[in-house]
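Encoded as structure tokens, the structure appears first; notes follow it.
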Amino acid sequence: RQSLKVGLIPADGIGKEVIPAARAAIEALGSDIPKLEFVDLQAGFELFARRGTALPEETVEALQECNCALFGAVSSPIKKVTGYSSPIVALRKKLDLYANVRPVVSVAANAGDKPSVDLVVVRENTECLYVKQETITSSETGREARATRLITERASRRIGKMAFEIALKRPRKQVTIIHKSNVLSVTDGLFRESVRGVSHSAEDGRYDGVRIEEQIVDSAVYRLFREPQIYDVMVAPNLYGDIISDAAAALVGSLGLVPSVNAGDNFVMGEPVHGSAPDIAGQDIANPLASIRSAALMLRHLGYGRGADRIDSAVDTVIREGQVLTPDLGGKSKTQEVVAEVLKRI
Ligand code: NAD
Ligand code: MN
């Protein structure tokens, strides 16, 4: 067994409560995965407030020595704070984690029932409006703010390829391209064409078995709420992907259940979809399951499917039994009690 070096970045708020849970879940696997080595790393708004930096250089350097990482959540102030920018957005860029993969799956009430929601949002992670090039000018009629929205063929193709690869491993093998090219014909037009192009230009017809659908983003959200079962893999530019995956989380009961990975060609970082939840931080009631599932997703991405399956089925069992759940799922249990319940079943 070689060893697996895992960077841990709890960051802010409930990140500090749910990342230890993810760590414990991986540790409980024993021999199904390589020998583990954890590296505790710092980032976040609370760190910025103390030290004037939200993402220290030593954190980035240490991550470059790791095989993978787990990130908790950061608090980002809604108003601009001089010198602060979100470390998660920066990390995705620095480590070239160009895909944010977010599976949203409902747990069936009885074992064997088909889940009613079983989709994966594959969100482009490096460009779109998140290049954060905003300007503001004043005119006689008031201020005018502008933002740049960057869509490149290269980034659209590689996120397309990621979506097709994920679809190939799923029973339905369907990719829905989300766009708004009826209005944004140039930017979203390029996204849509580039993703389609991946399929057409694939050698040996690799993606011939994958069905391509497309949907305008607003009607995609409408249909997501009315008939979520029509979706399998949804591939989207950064902002649409962000919104759709948070919205899809509502279909399965709580943001506290939905995991993600930020993936590049050489690195993968697990991250729950939720934020730092300041409203419940420090009370030991945060749902740890999204974070635990993110650890499983990270392992799956690295090829340790057996370990990932063991974590996922332990989580599913705890949800299905419904006895030990945090308040976001209607339960009365503490974070630590849910973690203990999951660990017992791994
Ligand atoms: P949020 O995801 O933190 O919380 C939204 C709601 O869901 C809150 O009521 C919260 O209590 C609840 N919730 C979220 N995760 C939960 C969990 N694990 N268990 C139980 N309940 C949970 O989003 P927000 O309130 O809009 O943002 C709070 C802060 O988090 C902001 O500063 C925002 O910028 C940041 N944020 C960070 C990330 C990230 O790190 N990737 C993502 C979203 C928001
Ligand atoms: Mn979001």
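Add 1076 to a position in the sequence shown, counting from 1, and you land on the number used in my numbering. Glycine residues also receive a C-beta, built at the ideal position from the N, C-alpha and C atoms. Every value quoted in this text rests on a predicted model; they were computed, and no experiment measured them.
Rounded C-alpha distance that separates residue i from residue j
i, j, result
"residue 1348", "residue 1126", "25 Å"
"residue 1418", "residue 1109", "18 Å"
"residue 1372", "residue 1212", "43 Å"
"residue 1275", "residue 1248", "16 Å"
"residue 1200", "residue 1143", "22 Å"
"residue 1258", "residue 1207", "23 Å"
"residue 1311", "residue 1250", "10 Å"
"residue 1302", "residue 1327", "10 Å"
"residue 1166", "residue 1284", "36 Å"
"residue 1104", "residue 1412", "15 Å"
"residue 1092", "residue 1404", "18 Å"
"residue 1394", "residue 1158", "44 Å"
"residue 1124", "residue 1160", "7 Å"
"residue 1319", "residue 1294", "11 Å"
"residue 1086", "residue 1378", "21 Å"
"residue 1195", "residue 1262", "28 Å"
"residue 1230", "residue 1273", "11 Å"
"residue 1150", "residue 1163", "8 Å"
"residue 1172", "residue 1152", "21 Å"
"residue 1245", "residue 1315", "26 Å"
"residue 1308", "residue 1339", "19 Å"
"residue 1324", "residue 1299", "11 Å"
"residue 1235", "residue 1296", "19 Å"
"residue 1287", "residue 1317", "20 Å"
"residue 1364", "residue 1304", "25 Å"
"residue 1343", "residue 1179", "19 Å"
"residue 1094", "residue 1198", "23 Å"
"residue 1360", "residue 1397", "21 Å"
"residue 1192", "residue 1181", "8 Å"
"residue 1238", "residue 1256", "21 Å"
"residue 1156", "residue 1337", "27 Å"
Status (buried if at least 16 other CB within 10 Å, exposed otherwise) for residue i
i, result
"residue 1215", "exposed"
"residue 1154", "exposed"
"residue 1402", "buried"
"residue 1382", "exposed"
"residue 1137", "exposed"
"residue 1409", "buried"
"residue 1202", "buried"
"residue 1341", "exposed"
"residue 1481", "No statement about residue 1481 is possible, as the shown extent of the chain runs from 1077 to 1422 and does not include it."
"residue 1389", "exposed"
"residue 1280", "exposed"
"residue 1079", "exposed"
"residue 1277", "exposed"
"residue 1291", "buried"
"residue 1088", "buried"
"residue 1083", "buried"
"residue 1107", "exposed"
"residue 1118", "buried"
"residue 1116", "exposed"
"residue 1148", "buried"
"residue 1120", "buried"
"residue 1406", "exposed"
"residue 1332", "buried"
"residue 1128", "exposed"
Opening and closing residue of the beta strand (DSSP E) in which residue i lies
i, result
"residue 1194", "1194-1200"
"residue 1131", "That residue, residue 1131, is in no beta strand (DSSP E); it is neither H nor E in DSSP."
"residue 1338", "1337-1339"
"residue 1218", "1218-1223"
"residue 1211", "1210-1215"
"residue 1292", "1287-1292"
Extent of the continuous alpha helix (DSSP H) run through residue i
i, result
"residue 1313", "That residue, residue 1313, is in no alpha helix (DSSP H); it is neither H nor E in DSSP."
"residue 1414", "1411-1421"
"residue 1089", "Where residue 1089 is concerned, there is no enclosing alpha helix (DSSP H), given that its DSSP letter is neither H nor E."
"residue 1163", "1163-1170"
"residue 1182", "Neither: residue 1182 is in no alpha helix (DSSP H) and is coded neither H nor E."
"residue 1407", "That residue, residue 1407, is in no alpha helix (DSSP H); it is neither H nor E in DSSP."
"residue 1344", "Taken as a continuous stretch (DSSP letters only), residue 1344 belongs to no alpha helix (DSSP H), being part of the beta strand (DSSP E) at 1344-1346."
"residue 1391", "1381-1397"
"residue 1370", "1365-1377"
_Check whether the region 1215-1222 and the region 1338-1356 are in contact - that is, three or more C-beta pairs closer than 8 Å._
Using a Cβ-Cβ distance cut-off of 8 Å, the region 1215-1222 and the region 1338-1356 are not in contact, since fewer than three pairs of beta carbons, one from each stretch, lie closer than that value.
*For the region 1126-1137 against the region 1098-1105, are there 3 or more C-beta pairs whose distance is under 8 Å?*
In this structure the region 1126-1137 does not lie against the region 1098-1105, because fewer than three pairs of beta carbons, one per stretch, are closer than 8 Å.
*asked:* Which complete alpha helix (DSSP H) runs does the region 1092-1148 hold, if anything under 4 residues is left out?
replied: Within the region 1092-1148, the complete alpha helix (DSSP H) runs of at least 4 residues are 1121-1127 and 1133-1140.
_Those runs of the beta strand (DSSP E) which lie wholly inside the region 1243-1282 and span at least 3 residues_ = If we require 3 residues or more, the beta strand (DSSP E) runs fully inside the region 1243-1282 come out as 1250-1255.
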